[in-house]
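In our numbering, the protein residues as written are 1257 to 1670.
Okay, structure coming up:
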């Protein structure tokens, strides 16, 4: 399979298709009730599957980031697609939560981790002048996948008055395995990088500041960005996952109103990822990143201290979603700017561990908090601390940027 794909739009379509498929991981919440009834266990036990999958997802990106540098995005995505599909397929045979933790949580989650970084790094190579935009497109496609498959999975389980049985859950997993397999494996076969470096403008050459992973680990910026990213993602993962419950239990919304917000969150999440990437191309990713922290803090303050009506609750939740989606879109661009594009996949995979850690911390905070108000205040405290750390991240100096740009242009012109 050493053929070349020379059309950037075919590659872009493949990258988006793959991201939509693995974004289905976000649709897990629709499995909680059916599996709980089918297996005869509490939802709290079933939800652990999702946490395991997010942790496996994050950890797998470390290996896939390095592997991609050696064998390329096509074969790395192919391996991930096979893992992802196999995990979902094996989940159709699960008869207890422990088996699901292994099949869906560990195996499918690892498959998502193998795939996730590949479309990002591939699109950046094809569109080096629009790194913020293509990063936004890739991460937005991941979020859209969650929205699309929530509708599909919801319809598959919505079959009248039928009980949630093992057979029904198994048939849903089998159907999804086929769909995911076609999308990820088919998309992998169309992924490729340019044969030659794509010419870029002088302004974009600021991002070609290549650090190996070893060099990156020696910088203070790495640790500041890692900590800041952890503190940025934690409130979003915590609050967004509880949005429906907060709406019904804390605000007093009707079930239909609260459920409607969940769908709106998915769309707003995708829009935030795309729009923040576009804005980052114009004014700089770090500026947008810090601004999103302010928005997140204000939104959390509304939840914690203001008597909530439906409009205020919606405003606060969407403010948190705006920050969360933007953080996930902006951090890859910031990694590329601070540490360069040559070793992007390996470098970004380390920063991405903040996502896995945040996914584990969120449920712990919720379990240990005495009330929703306490949860909001802890999340706000994390966001304030994260903003302080984000302000300490040092951007590339203009005089350093100018020298790098001139040298690279001369080298390319020769």
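Think of the CB as a built atom: it goes at the ideal place given N, C-alpha and C, for glycine as much as any other residue.
Check                                                                                                                     : Outcome
Short Cβ contact (7 Å threshold) for residue 1301 with residue 1357                                                       : no
Residue from 1368, 1615, 1351, 1488 with nearest C-alpha to residue 1342                                                  : 1368
Reduced DSSP secondary structure (H/G/I, E/B, other) of residue 1208                                                      : In this structure the chain extends from 1257 to 1670, so residue 1208 is not present and cannot be described.
Spatially closest choice to residue 1310 from 1598, 1498, 1523, 1363, by CA coordinates                                   : 1363
DSSP three-state assignment for residue 1293, whether helix, strand or coil                                               : helix
Rounded Cβ spacing between residue 1422 and residue 1649 (contact assumed at less than 8 Å)                               : Rounded, the Cβ-Cβ distance is 50 Å, inconsistent with contact.
Beta-carbon proximity of residue 1488 to residue 1583, cut-off 7 Å                                                        : yes
Among 1320, 1617, 1543, nearest to residue 1646 - alpha-carbon criterion                                                  : 1543
Delimiting residues of the alpha helix (DSSP H) encompassing residue 1619                                                 : 1609-1624
The segment 1514-1530 in contact with the segment 1387-1402 per 3-pair CB rule at 8 Å                                     : yes
Nearest-angstrom Cβ-Cβ length linking residue 1353 and residue 1295, presumed shorter than 8 Å                            : 6 Å
Test item: CB-CB of residue 1444 and residue 1333 under 7 Å                                                               : yes
Separation of residue 1410 from residue 1518, as counted between CA atoms                                                 : 13 Å
Alpha-carbon spacing of residue 1393 relative to residue 1372, whole angstroms                                            : 13 Å
Where residue 1387 falls, given that 16 or more other Cβ within 10 Å makes a residue buried                               : buried
Beta carbon of residue 1612 nearer than 7 Å to that of residue 1314                                                       : yes
Residue 1593 burial status per 10 Å Cβ neighbour count (16 or more: buried)                                               : buried
Segments of 3+ residues assigned as beta strand (DSSP E) that fall wholly inside the segment 1340-1406                    : none
Reduced DSSP category for residue 1263 - H, G, I as helix; E, B as strand; rest coil                                      : coil
Reference residue 1305; option with closest CA among 1563, 1528, 1534, 1282                                               : 1282
Length of the line joining the Cα atoms of residue 1448 and residue 1575                                                  : 36 Å
Opening and closing residue of the alpha helix (DSSP H) in which residue 1543 lies                                        : 1541-1561
Straight-line Cα distance separating residue 1558 from residue 1527                                                       : 22 Å
DSSP-derived helix/strand/coil call for residue 1500                                                                      : helix
Residue range of the alpha helix (DSSP H) that includes residue 1580                                                      : 1566-1595
Straight-line Cα distance separating residue 1274 from residue 1338                                                       : 12 Å
Test item: CB-CB of residue 1538 and residue 1382 under 7 Å                                                               : no
Residue range of the unbroken alpha helix (DSSP H) whose run includes residue 1438                                        : 1422-1444
Residue 1643: first and last residue of the uninterrupted alpha helix (DSSP H) it sits in                                 : 1628-1647
Spatial distance of residue 1328 from residue 1530 (CA atoms)                                                             : 26 Å
Counted within 10 angstroms of its Cβ, other Cβ atoms place residue 1629 as buried (16 or more) or exposed                : exposed
Anticipated Cβ contact below 8 Å, residue 1608 with residue 1472, distance rounded                                        : Not a contact, Cβ separation roughly 13 Å.
Nonlocal neighbours in the same chain, by C-beta distance under 8 Å from residue 1272, ignoring five residues either side : 1375, 1393, 1394, 1397
Short Cβ contact (7 Å threshold) for residue 1262 with residue 1602                                                       : no
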